[in-house]
Structure formats: structure tokens, C-alpha cells
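Take a look at the structure below.
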Amino acid sequence: MKRRDFIKTSILSSSVLVLGRSDKYSYKFIHPDYADRSFIVPPLIEPIIVNGKRIFKFSINHNTTEIFKGKLTCVLGYGDSLLGPTIRVDNMDNVGFEITNYLSVNTTVHFHGLHLPAKEDGGPYQIIPPNKTWKPSWRINQIASTQWYHPHLEGYTGEQVYKGMAGFFLIDDETSRFLDIPKTYGVDDLPVVIQDRRFDEKAQLLYLNKGDFDKSGGMKGYTILVNGKPVPILNVPAQVIRLRILNGSNARIYNLGFEGDIQFYQIASDGGFLEKPVSLTRLLLGPAERVEILIDLSNSKNTILRFKSFSAEYYDKQKLNGHQFGGPFKVGGTGRLSDSVDRLDKVNFDVMSIYVNKSTSTNVVRKIPNKLTEIVRLKESDAIKTRNFGLTVMSGFKINRRVFTSMFKVINGIVLEGEHMLHLINGVQMDMNVINEVVKKGDIEIWRITNGAHTTHPFHIHGIQFQILDREQGDGSGPTSPNENERGWKDTVLLMPEETVRIIAKFDHYADTQYPYMYHCHILEHEDAGMMGQFLVVNPEDFDTVMTDIDNNKRIPLKSFCKI
Ligand SMILES: [Cu+2]
1 MKRRDFIKTS ILSSSVLVLG RSDKYSYKFI HPDYADRSFI VPPLIEPIIV NGKRIFKFSI
61 NHNTTEIFKG KLTCVLGYGD SLLGPTIRVD NMDNVGFEIT NYLSVNTTVH FHGLHLPAKE
121 DGGPYQIIPP NKTWKPSWRI NQIASTQWYH PHLEGYTGEQ VYKGMAGFFL IDDETSRFLD
181 IPKTYGVDDL PVVIQDRRFD EKAQLLYLNK GDFDKSGGMK GYTILVNGKP VPILNVPAQV
241 IRLRILNGSN ARIYNLGFEG DIQFYQIASD GGFLEKPVSL TRLLLGPAER VEILIDLSNS
301 KNTILRFKSF SAEYYDKQKL NGHQFGGPFK VGGTGRLSDS VDRLDKVNFD VMSIYVNKST
361 STNVVRKIPN KLTEIVRLKE SDAIKTRNFG LTVMSGFKIN RRVFTSMFKV INGIVLEGEH
421 MLHLINGVQM DMNVINEVVK KGDIEIWRIT NGAHTTHPFH IHGIQFQILD REQGDGSGPT
481 SPNENERGWK DTVLLMPEET VRIIAKFDHY ADTQYPYMYH CHILEHEDAG MMGQFLVVNP
541 EDFDTVMTDI DNNKRIPLKS FCKI
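Take 1 as the starting number for the sequence shown in the UniProt record's numbering and just add one per residue.
Written out as C-alpha cells, the structure reads:
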């Protein structure tokens, strides 16, 4: 049976094309003359309630924002600013959306981390053309957690997210209401989306500017924005504070912590609360991952905390562990990190400052809880099967898709464009006409994901939350259990070069023989370059028919264009 077309990706030898002088592409740091560094809290959307259904209405627009003094930056956003408002729902709510696209191009709105029908997922199939309104609806059926929404248009996800489209999607349940943790939105319970952006002299966003663009690590910037503000200042009262942190960056990994190694407690991962708070001083967060942390500031009145990414520290540690910056690739050993490490990764840099100077709010939390929730571990012995996914990056050509990751060579000051970097899963690029996997609804499966590339890849699966079984480095040292803070529910898992991660999940998706869910790398330029695949979740009785159709090329997913 030939379900994947291995011939599609042709690997050809390099031919070069003269693009221009290299200095034309060189990037200069801009003096950070920021307009306003006050921390802003994205507003909550007030839903309209119709027949018990909570309907959230918003639109997608071209907006402007002032990041640098006296200069307006053109951005995209949900509502009237950069990013978007926060959607907040309760478990078991009936929710609906009316999302109007006022851009001049197609987009989609993907609900990341949500358990929902594939046709409401907002992936590459649920296209919202200009001036059209998309109206997905479903019943929330998952535990309290910090989720988010962002575009997922095939080939253009990176660009649209980069230009400003992203928002929080928070779910509450009995556990979150019962726990004695900070829960006053915008006061002691704060959403924090961290993004890195690059600007030109006119303060306009630069996306994939050639020459200075990291060829295979994805799009990274040197200006750190938190909720759309550059390295902002957050004012909080002297009590326990809860930060819901989302790495909303296209490609950068953050090694988060406080200056002075102040202790904090991780209480939640992507899919909800951990069993108990995990005490940490550093926290590695890959693109699309979320964590909730508590910091006890009860005795910190009138102090200033600096929240940073200790990136240099992290990459130095990787180097000590055998990963190298540059140098030859060691077969069978640990790979080099040079491809994904840029100049900001080599320093420790500020993300935001926290001033403990606000008067105390009414509902004050002064201690860290001992216990949060119970998590039932999925058993390996209950898994029906193991599927293998190999992530690889190689040079070659692929003509019929938008290729972002060109390789450049500079000879005598001339930039030469050669082969492209192909980003593959199991040897193939994403193809809208190919269903890569079919899963029977309700099955427990193990997905064994191997990163065969020199760069890190955050692997994301749509529609479910999974558990990490183990991690195995490429040096033959054998599998190890996940760290305490990775023992909760996840939908995105970071894979280091040559690392293999086994995850286990119950595929209790909504069955659909037509619309697939996606799995992909969440470095958005890798996703757009094809490091993505599609899986159908079908009722067991439909499985054989669907498989036969796929073998006979009869089951090609259709795009849906929503109507007004
Ligand atoms: Cu990747």
C-alpha cells in the first residue's frame, strides 16, 4: 500500500542564482526608542447569549500600533489592535463565534489546544475569504486551561501570526474555581504572550528579510514584545501572582526565569493543571507552549523583579551536553545547534519587569497550594499501536509550494541563492490532497516522534491533549521519564536535535471521514515549508472504507469556504 508519495519530493543538486550584494540585506539594530512600556491586559470579549449559546463576535483587521515613539507600525489583529481580545468560557458551555475577515486576503482562525470537531478547528480547510464571516460552534468539553487562537492558512501561518494575529482562549471549570489561586483577570491572574519581532527603520515589521534571516531556525526578531508592548513594566500587588505564559513566537525558544534566581511554581501546562505545583528557577518554553506559574510576592513590596530569558545559559548548557555551536555533525551522537541559534539566543535578555507597588486587591492569595488536581496516567499497555514520525530537514527543491527557507552562500560579497531547505515529516511535505494517517476514534495510541534534524522542533497535534511517556537523546543513553513539569497534559512538545519523544493519547476526537486534523512543527516557517501532516479520526466501522478510498485516491479533503 502506498499512502505516502515519496516521489513528490525531488532532491536535486544545487544551482545558484545571483540575488545581489550581501550588504543590501544586512540588518542593523534599531535604537530602542519605545513609545510606551506599560503592560497591557488584552480585554475580555463579552459574548452575546442566544438560546443558551455564548456567541463571541469579532473581526480581523488591518490596524496600527505605536511601538516606537512617533512611528506607527502596520499590524494585523483581531478587533482594533495588535493581537486580539481574550475569549473566556466555562467547561460544558455551548459556544459560537462570528468572525469576519476584513483583510484583503484569506485567513483562518485555529483554536489551538481545543477539543472540537475538525470542521470547527480553523485549520487550513476552514478558510475565511475577505469580507466573509465564519461561524463555528461546539460545546466546550475539556478541563480548565490556557489555550489560544491564531491563523492557520496553508503556507501563510507564519506571516499572519507574525503580523499580529493571536489571542488567548481561557477555560474555567470547577477545579479552577475551587482552588485557592489568583483568579482576578488582569489584576493577579495575567495573560502574558511573549513574541519576538524585527522592524525596519520606519518601524515596520520585517518578515523573512533575506540575508540576515536564520536559514532554518525560523523567523526570529530582536525586539521582545509582551502582549504587544516592548519589554513592558507590569505593576502588581504584594501577594501571590499568576502568570499564564504563552510563547507566541514563530520560532524562538525562551529559557524563562527571574534575575536573582527567584523561585516560582509551575501549576499548569498546555492542557491544564499539573497534579501539584513544581518549584522552578528556570523554565524552557518552545513556540506555542503554555505554562501557568505562581510567584509569591507577599514579602516583596516595593521591589522590582526582572523576568528574563536566560538563553545564553541554556545554550551554554546544551554545549556542555555535547551539542555544538557549529562544527561538524556527529553521526550517532548529538547534533549541532548552530542552525537554530541566533545572536539573541547567545545572551540573557529582558522579557519584562514586575514592579511590586500596587495596592492589594480584594481577593488576596498569600500561599502556594500543595495540591492542584489529579491526572490519570494513560497506560502504555492500553495503546493499540505505535506510529512513528520522523522530522527531517534536508536541502533540495520543491517547485510547487511557497518556499521560505532558502540557503544563501556569500562569495566575494555576492549573495548566491542555492537549494532550499525542505522540512519533512516521514519524508514528505504537507500536501492538502493527501491524508497521511487514519486513527480509529477512541483508540489509545503511542506516537513516537524522532527529530532527525539539527534544529529543535516543537511538535503539535490538533484536537487532543496528550501525555509525554519518555524522552530519548540521540547519544544512546536510553529513554528518560519526563521532568515533573512535563507530566501534565500537553498539545505541543519540544524536540531537541536527534531527540525521540514518545507521547500517548486517547484519540477521542469528533469522528469525521471528510475533514482531517493536523499535526505539525510549530516553528511556523517549518510548518509553512511543509513540516505538517493530516490525520482523520473515524468511527471504527468506517475505518476500512476510508482506508480503501485513500488507497484508491478517492478521498481527497475538500476546502470549505464559509459563506456570509
Ligand atoms: Cu520545526
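Just so you know, even glycine gets a beta-carbon here, dropped at the ideal spot from N, CA and C.
Member of the options whose CA lies at the smallest distance from the CA of residue i
| i | options | result |
| --- | --- | --- |
| residue 364 | 72, 113, 161, 189 | 189 |
| residue 84 | 124, 313, 166 | 166 |
| residue 299 | 355, 250, 282 | 355 |
| residue 439 | 137, 75, 503, 511 | 511 |
| residue 483 | 55, 120, 269 | 269 |
| residue 475 | 492, 489, 452 | 452 |
| residue 490 | 290, 279, 157 | 290 |
| residue 96 | 113, 66, 133 | 133 |
| residue 197 | 378, 68, 424, 429 | 68 |
| residue 41 | 262, 66, 81, 50 | 81 |
| residue 515 | 377, 125, 376 | 125 |
| residue 90 | 142, 109, 488, 72 | 142 |
| residue 155 | 459, 539, 498, 429 | 429 |
| residue 642 | 171, 204, 519, 160 | Within the shown structure, residues of the chain are numbered from 1 to 564, placing residue 642 beyond reach of any answer. |
| residue 274 | 463, 472, 448, 373 | 373 |
| residue 39 | 233, 479, 525 | 233 |
Close-in-space but distant-in-sequence residues of the same chain around residue i (CB under 7 Å, 5 per side omitted)
| i | result |
| --- | --- |
| residue 481 | 470 |
| residue 57 | 48, 98 |
| residue 231 | 37, 224, 350, 351, 352 |
| residue 77 | 61, 63, 83, 84, 164, 165 |
| residue 52 | 94 |
Rounded separation between residue i and residue j - CA only
| i | j | result |
| --- | --- | --- |
| residue 217 | residue 495 | 13 Å |
| residue 87 | residue 543 | 36 Å |
| residue 531 | residue 284 | 22 Å |
| residue 79 | residue 235 | 25 Å |
| residue 528 | residue 307 | 31 Å |
| residue 301 | residue 295 | 13 Å |
| residue 201 | residue 33 | 12 Å |
| residue 358 | residue 238 | 7 Å |
| residue 140 | residue 173 | 11 Å |
| residue 164 | residue 381 | 44 Å |
| residue 180 | residue 370 | 10 Å |
| residue 176 | residue 254 | 27 Å |
| residue 123 | residue 219 | 21 Å |
| residue 297 | residue 314 | 26 Å |
| residue 136 | residue 346 | 43 Å |
| residue 104 | residue 208 | 21 Å |
| residue 467 | residue 504 | 5 Å |
| residue 263 | residue 278 | 10 Å |
| residue 422 | residue 523 | 14 Å |
| residue 252 | residue 441 | 34 Å |
| residue 344 | residue 50 | 49 Å |
| residue 260 | residue 184 | 27 Å |
| residue 256 | residue 547 | 45 Å |
| residue 540 | residue 71 | 57 Å |
| residue 111 | residue 377 | 25 Å |
| residue 30 | residue 203 | With a pLDDT of only 43 at residue 30, under the threshold of 50, the placement of this residue in the model should not be trusted, and no figure is reported. |
| residue 159 | residue 54 | 31 Å |
| residue 229 | residue 178 | 33 Å |
| residue 128 | residue 280 | 42 Å |
Beta-bridge pairing of residue i - partner residues as DSSP gives them
| i | result |
| --- | --- |
| residue 457 | 495 |
| residue 314 | Residue 314 pairs with nothing; no bridge assigned. |
| residue 219 | The partner list for residue 219 (beta bridge, DSSP) is empty, contrary to what the question assumes. |
| residue 451 | 391 |
| residue 268 | 273, 292 |
| residue 472 | 479, 500 |
| residue 181 | Answer is none; residue 181 lacks a bridge partner. |
| residue 518 | 534 |
| residue 189 | 185, 242 |
Own chain partners of residue i with C-beta closer than 6 Å, once the 5 adjacent residues on each side are dropped
| i | result |
| --- | --- |
| residue 437 | 535 |
| residue 450 | 390, 500 |
| residue 443 | 384, 507 |
| residue 392 | 424, 452, 453 |
| residue 457 | 391, 451, 495, 521 |
| residue 519 | 461, 533 |
| residue 486 | 468 |
Same chain, Cβ closer than 8 Å to residue i, neighbours up to 5 away in sequence not counted
| i | result |
| --- | --- |
| residue 192 | 226, 227, 243, 244, 245, 246, 352 |
| residue 130 | 101, 102, 103, 104, 105, 106 |
| residue 368 | 240, 265, 277, 294, 296 |
| residue 348 | 308, 309, 310, 311, 312, 313 |
| residue 66 | 35, 36, 72, 73 |
Start-end ranges of the beta strand (DSSP E) lying completely within the UniProt domain "Plastocyanin-like" (67-175), minimum 3 residues
71-78, 87-90, 94-101, 110-112, 137-139, 145-150, 167-172
Within the segment 332-382, ranges of the beta strand (DSSP E) (whole runs, at least 3 residues):
348-358
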